[in-house]
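In numbering that gives the first Met the number 0, the protein residues as written are 0 to 613.
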Amino acid sequence: MALVDRPGRRSSELSLSVLTSTESTVRSNDACKPDDTTIKHATIVDIDVQTAKPREGLTFQRPLVKDLTRRGPAQIMNGAKQHKVSLRWVHLRANCMSWIEELMARVCEERGMAVPESSENSPMKNPLLRKDLWADLFHGKASDQIQSRFMGPTCIQFSSNLEDEMSDTNGSTGGSRDNLVLYLPFLHWESYDAWREREDLTRSISANKPGKPQPDRDFVAEYLHHGTAPFHDRRSLHQAYYHDFGLTRPLPQYKQVMQSFTSQTHPDSVKMMVVDQLWLWVIKGTGLSEEGSQPDLVVTAFPDRFNGVYDSANVYNSIIEHLERGLQPPLRTANNLVAAILEHCTGVFFQRQLEHDKWFVEFFAAAIGAVRNRQKLAFSDFCLKSRELKDLEDQEASLAETVGKLEDAAFSISVETSLVQDIKDIIDELSCVDYILHRQQDVVASLLRSQNSRSLKTIGEMVKERRDTWASIAKTAHVAYDEIQTQMDAQESARYGRTVLLLTVVTIIFLPMSFLATWFGMNVKDPDAGNLPLYQIAAIVFPISIAIALFALVVAFSEKLRDFIVAGVRDVLDFVLGTLGINRSRNRRRRQKWRMNRRQQDIESGTVGDSRDC
Numbered sequence: 000m001a002l003v004d005r006p007g008r009r010s011s012e013l014s015l016s017v018l019t020s021t022e023s024t025v026r027s028n029d030a031c032k033p034d035d036t037t038i039k040h041a042t043i044v045d046i047d048v049q050t051a052k053p054r055e056g057l058t059f060q061r062p063l064v065k066d067l068t069r070r071g072p073a074q075i076m077n078g079a080k081q082h083k084v085s086l087r088w089v090h091l092r093a094n095c096m097s098w099i100e101e102l103m104a105r106v107c108e109e110r111g112m113a114v115p116e117s118s119e120n121s122p123m124k125n126p127l128l129r130k131d132l133w134a135d136l137f138h139g140k141a142s143d144q145i146q147s148r149f150m151g152p153t154c155i156q157f158s159s160n161l162e163d164e165m166s167d168t169n170g171s172t173g174g175s176r177d178n179l180v181l182y183l184p185f186l187h188w189e190s191y192d193a194w195r196e197r198e199d200l201t202r203s204i205s206a207n208k209p210g211k212p213q214p215d216r217d218f219v220a221e222y223l224h225h226g227t228a229p230f231h232d233r234r235s236l237h238q239a240y241y242h243d244f245g246l247t248r249p250l251p252q253y254k255q256v257m258q259s260f261t262s263q264t265h266p267d268s269v270k271m272m273v274v275d276q277l278w279l280w281v282i283k284g285t286g287l288s289e290e291g292s293q294p295d296l297v298v299t300a301f302p303d304r305f306n307g308v309y310d311s312a313n314v315y316n317s318i319i320e321h322l323e324r325g326l327q328p329p330l331r332t333a334n335n336l337v338a339a340i341l342e343h344c345t346g347v348f349f350q351r352q353l354e355h356d357k358w359f360v361e362f363f364a365a366a367i368g369a370v371r372n373r374q375k376l377a378f379s380d381f382c383l384k385s386r387e388l389k390d391l392e393d394q395e396a397s398l399a400e401t402v403g404k405l406e407d408a409a410f411s412i413s414v415e416t417s418l419v420q421d422i423k424d425i426i427d428e429l430s431c432v433d434y435i436l437h438r439q440q441d442v443v444a445s446l447l448r449s450q451n452s453r454s455l456k457t458i459g460e461m462v463k464e465r466r467d468t469w470a471s472i473a474k475t476a477h478v479a480y481d482e483i484q485t486q487m488d489a490q491e492s493a494r495y496g497r498t499v500l501l502l503t504v505v506t507i508i509f510l511p512m513s514f515l516a517t518w519f520g521m522n523v524k525d526p527d528a529g530n531l532p533l534y535q536i537a538a539i540v541f542p543i544s545i546a547i548a549l550f551a552l553v554v555a556f557s558e559k560l561r562d563f564i565v566a567g568v569r570d571v572l573d574f575v576l577g578t579l580g581i582n583r584s585r586n587r588r589r590r591q592k593w594r595m596n597r598r599q600q601d602i603e604s605g606t607v608g609d610s611r612d613c
């Protein structure tokens, strides 16, 4: 399958290039064997771009990491069977800074690059790992929180023609910028059980406590708390997004959309989103025609699956299988290999199905749809109860019935509060994904500015398209959030109306009583009257207050009575004003308005009559 047939191909079409390879194909190659419990291996692939069959042009070696960092890739491959090499790829299956520093020291020796002696008092001066390309981009170096470690996303062209790391403070170089370094975060997924096992492992190692045997235990124990060049473990989606908050304390556990859905469909195989790092260097060779020449070298590092698990999401195995099938356009330069690696790293989360009938994007669409369905049900219940309340008012129901109806759960916002929390969690998770995609887009854009090729352009288009897809999903989530907020406002208005009703009832009941009590309490002289006994005052105050309150309540809750009273008052007012001659202009305006309305109705009906105006 082609890596990049046409620059305009959509990523959904390109997904065929990274489909799952069969286990028999990948397992047949020694380069894809998983590591055992104690020994870690690297992979070296020498590529002859002139062969007709891509598989025949690949020469693999699987040395121990310690052997690779001690001898160097050139010495190891020189001991392999006779083969031609146009391009060399070295891959490390973990983001371990110590491995990279030791490997780059051997690469410098092989290629004749001067590396000054380093000590505890002087920083490393490897021209491939200058401070601005390595140490300065290490985030979380001063933190004891493992999840805060990562290399700042970037893509930089640089020259190895520097005497030391401080010879150029403004980033310019004396030689040509032929070499490249790239740090890129990418989305992946991991088994939730494996994730918890890794967390237990790191906690037990940090606390110096024994733990159950795990394949990576010795490796993690050796490099997890390395003084200057530690191991970078994979992070959860929220750990990558809230990395600044995790510098001083562990982040709380966030339940993800993928985790929720997979726990419902496959409780024994729950999955979660994680963020991995791609570290990549392109080191130009010295020319293949010269004696002792070195080919172009591509060095990569990104994590393997936890505990050596083999499945379709193993990025490294997919790249190997892709190289064996062949690329389109054919693999000719380091740029083509970089494009293939970037395609698989950035596309592993998007171009594979987690289940037979679901893509990763569909989990979020389904989650948003579930929230919107619950919101619609709650809104339908609210509308139904509102109509029932209106019917009670039309039937002039008692105050107790009306207040009881207002106490219905449909007028509460407890359901909507839960929905708001759910949709905000989804929006937050979409923001985390967009954060990673934005970093990918920036890094690929920087790469395109320095290495303009058709294959890399296609990768840039794919990353942009994926980000646009997630933006549309986020827009749908925001629409759902706005709908829920609108519904909450409506229900809050109903609650506010209930409060106003209660205050109105209290006012209607106590205002006349207060007035009459004040009346009898006035200090007014009356020669014929003495102090009235309490029962006489009560006999006057309570009946009058009750009569006024009942009349006011009936008027407040009976729309028909209100309309009747308003119409009667209007008729009396019109009669009085007409008798006094004050209402003529008002009647004239009414007649003009009536004529305009009548004419408008005739125009709309298509029959303009010549009826006389009244």
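Idealized CB from N, CA, C, for every residue including glycine.
| CB Thr299 to CB Ser292, shorter than 8 Å? | No, the pair does not count as a contact, with Cβ atoms beyond the cut-off.
| Where does Arg594 fall in DSSP's three states? | Helix at Arg594.
| query | Which stretch, first to last residue, makes up the beta strand (DSSP E) that contains His90? | reply | Here the beta strand (DSSP E) through His90 covers 86 to 91.
| field | His619 - containing alpha helix (DSSP H), residue span | value | It is not possible to answer for residue 619, since the shown part of the chain is limited to 0 through 613.
| query | What does a CB cutoff of less than 6 Å around Asp177 pick up in its chain, not counting 5 residues either side in sequence? | reply | For Asp177, where only same-chain residues beyond five positions count, the Cβ hits under 6 Å are Lys283.
| query | Can you tell me the Cα-Cα spacing of Ala365 and Gln263, whole angstroms? | reply | Computed Cα separation, rounded: 13 Å.
| message | Would you call the region 183 to 190 in contact with the region 470 to 480, where contact means no fewer than 3 C-beta pairs closer than 8 Å? | response | Cβ pair count under 8 Å is below three, so no.
| DSSP state of Asn94 mapped onto helix, strand, coil | Strand.
| request: Look at the alpha carbon of Pro212 and the alpha carbon of Trp88, and state the distance between them as a whole number of angstroms. | output: Distance between the alpha carbons of Pro212 and Trp88 is about 32 Å.
| query | Any idea what DSSP makes of Thr42, helix, strand or coil? | reply | Per DSSP, reduced to three states, the secondary structure at Thr42 is strand.
| message | Which residue marks the beginning of the alpha helix (DSSP H) containing Asp66, and which one marks its end? | response | Start and end: 64 to 70.
| Pair within 8 Å by beta-carbon distance, Ile46 and Trp278 | Their beta carbons are not under 8 Å apart, which means Ile46 does not touch Trp278 by this criterion.
| the region 48 to 60 in contact with the region 192 to 200 per 3-pair CB rule at 8 Å | As far as the Cβ criterion goes, the region 48 to 60 does not touch the region 192 to 200, which means the pair count is below three.
| Separation of Leu128 from Tyr253, as counted between CA atoms | Computed Cα separation, rounded: 36 Å.
| query | Out of Val565, Val568, Asp570, Pro511, which has the shortest C-alpha to C-alpha gap to Leu549? | reply | Per the Cα distances, Pro511.
| task | Pair every Cβ in the region 57 to 75 with every Cβ in the region 329 to 338, then say whether three or more of these pairs are closer than 8 Å. | result | Not touching, per the Cβ criterion.
| Under a three-way DSSP split, which group does Thr299 fall into? | Correct three-state label for Thr299: strand.
| task | Evaluate Thr578 with the Cβ neighbour count: other Cβ atoms within 10 Å of its Cβ, from every protein chain shown; 16 or more gives buried, anything less gives exposed. | result | Counting C-beta atoms within 10 angstroms of its own C-beta, Thr578 has fewer than 16 neighbours from the protein chains shown and is therefore classed as exposed.
| message | Within 10 Å of its beta-carbon, does Asn596 have 16 or more other beta-carbons around it, so buried, or fewer, so exposed? | response | A residue is called buried when at least 16 other Cβ atoms come within 10 angstroms of its Cβ; Asn596 does not meet this threshold and is exposed.
| said: Is it buried or exposed, Ile545, if we count other Cβ atoms within 10 angstroms and call 16 or more buried? | reply: It counts as exposed.
| field | Backbone secondary structure at Lys83 - three-state DSSP | value | Three-state DSSP puts Lys83 in coil, outside helix and strand.
| Could you give the residue range of the beta strand (DSSP E) that holds Asp275? | Taken as a continuous stretch (DSSP letters only), the beta strand (DSSP E) holding Asp275 covers 270 to 282.
| said: For Lys474 and Ser454, I'd like the C-alpha separation in whole angstroms. | reply: Answer to the nearest angstrom: the Cα atoms are 31 Å apart.
| said: Using only the alpha-carbon positions, how far apart do Met103 and Asn334 sit? | reply: Taken atom to atom, the span from the alpha-carbon of Met103 to that of Asn334 is near 20 Å.
| message | If I follow the unbroken beta strand (DSSP E) through Trp188, where does it start and stop? | response | Counting along the chain, the beta strand (DSSP E) containing Trp188 begins and ends at 178 to 190.
| task | Leaving aside the five residues before and after Phe218 along the sequence, list all residues of the same chain whose C-beta is less than 6 Å from its C-beta, in chain order. | result | Excluding sequence neighbours, Phe218 sits near Lys39.
| message | Please report the distance separating the alpha-carbon of Leu330 from that of Ala444. | response | C-alpha of Leu330 to C-alpha of Ala444: approximately 22 Å in a straight line.
| Exposed or buried, which one is Asn120 when buried takes at least 16 other CB atoms within 10 Å? | Model confidence at Asn120 stands at a pLDDT of 45, short of 50, so the residue's coordinates are unreliable; what they give is reported in the following sentence. By the neighbour-count rule (16 or more Cβ atoms within 10 Å), Asn120 is not buried but exposed.
| said: Considering only the alpha carbon of each residue, which of Gln146, Leu136, Leu86 lies closest to Cys154? | reply: Nearest C-alpha to Cys154: Leu136.
| Spatially closest choice to Gln238 from Ile435, Arg465, Thr506, by CA coordinates | Distance check between Gln238 and each of Ile435, Arg465, Thr506 places Ile435 closest, using alpha-carbon atoms only.
| task | Hey, could you find the ends of the beta strand (DSSP E) Leu57 is sitting in? | result | That run of the beta strand (DSSP E) goes 57 to 60.
| said: Rounded to the nearest angstrom, what separates Thr58 and Arg69 at their Cα positions? | reply: Approximately 21 Å, taken between the alpha carbons.
| field | Close beta carbons around Ser171, own chain, < 6 Å, minus the five adjacent residues each side | value | Bear in mind that the predicted position of Ser171 carries a pLDDT of just 48, short of 50, making it unreliable; the figure below should be weighed with that in mind. So the list is empty, once near-sequence residues are dropped.
| task | Rank Gln49, Val48, Ile75 by C-alpha distance to the C-alpha of Arg61 and give the top, closest one. | result | Of Gln49, Val48, Ile75, the residue nearest in Cα terms is Ile75.
| message | Could you tell me the alpha carbon to alpha carbon distance between Arg598 and Thr506, rounded to whole angstroms? | response | Each residue's Cα considered, the two are about 48 Å apart.
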